[in-house]
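Line by line, the protein sequences give chains A and B.
Each residue of the first sequence is one higher than the one before, counting from 1 in this note's numbering.
Each residue of the second sequence is one higher than the one before, counting from 1 in this note's numbering.
Where a beta carbon is used, it is the ideal one built from N, C-alpha and C, also for glycine.
Remember, predicted model here, so these are calculated numbers, not experimental data.
This report concerns only the one structure given below.
2 protein chains.
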Amino acid sequence: MTARTSTDAGRDIPEATVARLPVYLRALTGLAEARTATCSSEELAAAAGVNSAMLRKDLSYLGSYGTRGVGYDVEYLRYQIAREIGVTQDWPVVIVGIGNLGHALANYSGFRSRGFRVVALLDADPSRHGEVVAGIDVQPFDDLEEIVAEHGVAIGVIATPAVAAQDVADRMVAAGVSSILNFAPTVLSVPEGVDVRKVDLSIELQILAYHVQRKNGIVEAEEEPA
Amino acid sequence: MTARTSTDAGRDIPEATVARLPVYLRALTGLAEARTATCSSEELAAAAGVNSAMLRKDLSYLGSYGTRGVGYDVEYLRYQIAREIGVTQDWPVVIVGIGNLGHALANYSGFRSRGFRVVALLDADPSRHGEVVAGIDVQPFDDLEEIVAEHGVAIGVIATPAVAAQDVADRMVAAGVSSILNFAPTVLSVPEGVDVRKVDLSIELQILAYHVQRKNGIVEAEEEPA
DNA sequence: CTCGGTTTGTTCTCCCGTTCACAAACTCCT
DNA sequence: AGGAGTTTGTGAACGGGAGAACAAACCGAG
Chain A
1 MTARTSTDAG RDIPEATVAR LPVYLRALTG LAEARTATCS SEELAAAAGV
51 NSAMLRKDLS YLGSYGTRGV GYDVEYLRYQ IAREIGVTQD WPVVIVGIGN
101 LGHALANYSG FRSRGFRVVA LLDADPSRHG EVVAGIDVQP FDDLEEIVAE
151 HGVAIGVIAT PAVAAQDVAD RMVAAGVSSI LNFAPTVLSV PEGVDVRKVD
201 LSIELQILAY HVQRKNGIVE AEEEPA
Chain B
1 MTARTSTDAG RDIPEATVAR LPVYLRALTG LAEARTATCS SEELAAAAGV
51 NSAMLRKDLS YLGSYGTRGV GYDVEYLRYQ IAREIGVTQD WPVVIVGIGN
101 LGHALANYSG FRSRGFRVVA LLDADPSRHG EVVAGIDVQP FDDLEEIVAE
151 HGVAIGVIAT PAVAAQDVAD RMVAAGVSSI LNFAPTVLSV PEGVDVRKVD
201 LSIELQILAY HVQRKNGIVE AEEEPA
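Okay, here's the thing in structure tokens:
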């Protein structure tokens, strides 16, 4: 056995697995609400929309939380996954850019119910300041540093126009934010150690469009000269 | 040379490449707006936030559109990628579920500017019908089939609560929609041949939370009994 | 206590995606 | 015209993820 402390039974979880853990968590929550006490990897995998072998392998990175011949205890596994992700406690989050999308994000109930608490809404436009969205009033963007320090914010959400996004990211990083969820359609450059995940709505549609065109592609053919 | 028609110089583009083409397209648009006529793979890769070797390999699936020793013609490459993705023409899109997120999506200018046209906003809640969002009035969900048929809609966006999403997806598929962008936090099951892409806001945050916890993980240690 | 049935945890293999490294090809200067 | 310098396109190596298959472990019946 290599040198390991007793607490970290599963080091270095693959990124692909990390991305699926929240899906499993949601599926388990659904099962728990349906009063299901136990489930097999087959059932859980079906609920999560994945292969059962992959599910078992994913879970094995966390530890050995199932019982052979029986399956998984829904509540127990749910807690273990939540603990591994880190959503047993609440994470403070700031949202910058309270336009249409910022509004929607601020009102999104899925954040609060899944371990995230929006502690501030910031916008650079003074005409928005004081507006109350989802029970929180919009504050000047310049309050960023103070708010991050006060609440210990580690996660920032950028919902600004593309041109502003890099500046916002820089300020966030300087203020101590280490993870950014970026909705602005631009590539952010951040220092080593800072995580950025991007959600780009039009890119998703373009990917779909490609596949639609590919499916219909047999119909129209010529484009270049023969 | 294997049997190939003259038109399809690049069959079966890898999925990972398809997902990056819109990023390249956006970077090229930015360069074009900056009056840049030509760019090297190194420059374009930097603008897109990827490795230059990967960029070149990605582009090579489309064909040989660069000039060795020179680089790529911005306008020409932009057109070729747009054509490959299929965004030279406009795609009609329907959005179902005009809540907070649906509002934001309907108002999102990035759709229209990138080859997508929202032809209808649908909601099952009668109290919303007639409301005008982004210049389009909200119609009953039951109009779905008629609208899909009339406009030849191939792409549908689901922005409903989770419980309604599967029903909406089923109706969409039955009406002829072949690609779905799903914002509802649930796993959709669709028949073979239908593409689904999901965007899940809270999952993205949970992935970030995991990494934050991992970074801070050295601080707090014990959790299980020794 | 033993045996059959069930389900997990894990190993092995295949495949896709990424990166490296280099030959081919183009431009420009002399 | 020829050679030096650039940059593309691609073959090959490398790493990680996904699925199949199986051994280990558990339950319950007799």
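Asked: Buried or exposed: which applies to residue 57/B, given that a residue is buried once 16 or more other Cβ atoms fall within 10 Å of its Cβ?; Found: exposed
Asked: Specify the secondary structure class of residue 20/A as computed by DSSP and reduced to three states.; Found: helix
Asked: Take the Cβ of residue 78/A as the centre, count every other Cβ of all protein chains shown within 10 Å, and call the residue buried at 16 or more, exposed below.; Found: buried
Asked: Please classify residue 193/B: is it buried, with 16 or more other beta-carbons within 10 angstroms of its beta-carbon, or exposed?; Found: exposed
Asked: Any C-beta of chain B sitting closer than 8 Å to the C-beta of residue 22/A?; Found: yes
Asked: Give every residue of the same chain whose Cβ lies closer than 8 Å to the Cβ of residue 301/A, excluding the five residues on either side of it in the sequence, and list them in chain order.; Found: Nothing in the structure corresponds to residue 301/A, since chain A is present only between 1 and 226.
Asked: Per DSSP, residue 77/A forms a beta bridge with which residues?; Found: BP columns for residue 77/A are empty, so no partner.
Asked: What residue range is occupied by the uninterrupted beta strand (DSSP E) comprising residue 117/B?; Found: 116-123
Asked: Taking 8 Å as the CB-CB cut-off, is residue 204/B touching chain A?; Found: yes
Asked: Name the chain A residues that come within less than 7 Å of residue 178/B, Cβ to Cβ?; Found: 212 and 215
Asked: Determine the closest residue to residue 195/A out of 207/A, 216/A, 14/A and 182/A, with distance taken between C-alpha atoms.; Found: 182/A
Asked: What residue range does the beta strand (DSSP E) around residue 86/B cover?; Found: Premise fails: residue 86/B is in no beta strand (DSSP E) and is neither H nor E.
Asked: Would you list, in sequence order, the uninterrupted beta strand (DSSP E) runs of no fewer than 3 residues that lie entirely inside the region 126-159 of chain A?; Found: 136-140 and 155-158
Asked: In chain A, which residues lie with their C-beta within 8 Å of the C-beta of residue 108/B?; Found: 100, 101, 201 and 202
Asked: Measure from the C-beta of residue 181/A to each C-beta in chain B and report whether the shortest distance is under 8 Å.; Found: yes
Asked: Hey, does residue 185/B have any beta-carbon neighbour from chain A nearer than 8 Å?; Found: yes
Asked: Indicate the three-state DSSP secondary structure (helix, strand or coil) for residue 29/A in the structure shown.; Found: helix
Asked: I'd like to know whether the C-beta of residue 197/A is nearer than 8 Å to at least one C-beta of chain B.; Found: yes
Asked: Compute the beta-carbon to beta-carbon distance between residue 206/A and residue 87/B, rounded to the nearest angstrom, for a pair I have assumed lies under 8 Å.; Found: 6 Å
Asked: Count the other C-beta atoms from every protein chain shown that fall within 10 angstroms of the C-beta of residue 3/A, then say buried if there are 16 or more, exposed otherwise.; Found: Low confidence applies to residue 3/A: its pLDDT is 38, below 50, so where it sits in the model is not reliable enough to give any reading.
Asked: With a cut-off of 8 Å, does the C-beta of residue 77/B fall near any C-beta of chain A?; Found: no
Asked: Could you spell out the range, first to last residue, of the alpha helix (DSSP H) harbouring residue 197/A?; Found: No alpha helix (DSSP H) holds residue 197/A; the beta strand (DSSP E) holding it covers 195-198.
Asked: Nearest CA to the CA of residue 80/A: which residue from 70/A, 92/A and 65/A?; Found: 65/A
Asked: Hey, does residue 35/B have any beta-carbon neighbour from chain A nearer than 8 Å?; Found: no
Asked: Using a beta-carbon distance cut-off of less than 8 Å, what residues from the region 121-155 of chain A approach chain B?; Found: 154 and 155
Asked: So if DSSP puts residue 180/B in a beta bridge, which residue, or which two residues, is it bridged to?; Found: 156/B and 196/B
Asked: Which chain A residues sit within Cβ distance under 7 Å of residue 18/B?; Found: 207 and 210
Asked: Taking all protein chains shown into account, decide if residue 42/B is buried (16 or more other Cβ within 10 angstroms of its Cβ) or exposed.; Found: exposed
Asked: Work out the CA separation of residue 208/B and residue 12/A for me, nearest whole Å.; Found: 15 Å
Asked: How many angstroms separate the CA atom of residue 14/B from the CA atom of residue 103/A?; Found: 36 Å
Asked: Have a look at residue 169/A and residue 213/B and give me their C-alpha separation to the nearest angstrom.; Found: 20 Å
Asked: Using the Cβ count rule (16 or more neighbours within 10 Å means buried), how would you classify residue 68/A?; Found: exposed
Asked: Check the Cβ of residue 115/B against every Cβ in chain A and list those closer than 9 Å, keeping chain order.; Found: 202, 205, 206 and 209
Asked: I'd like to know whether the C-beta of residue 56/A is nearer than 8 Å to at least one C-beta of chain B.; Found: no
Asked: Output yes or no for whether 8 Å exceeds the beta carbon distance between residue 93/A and residue 138/A.; Found: no
Asked: Since residue 101/A is in the alpha helix (DSSP H), which residue starts that stretch and which ends it?; Found: 100-107
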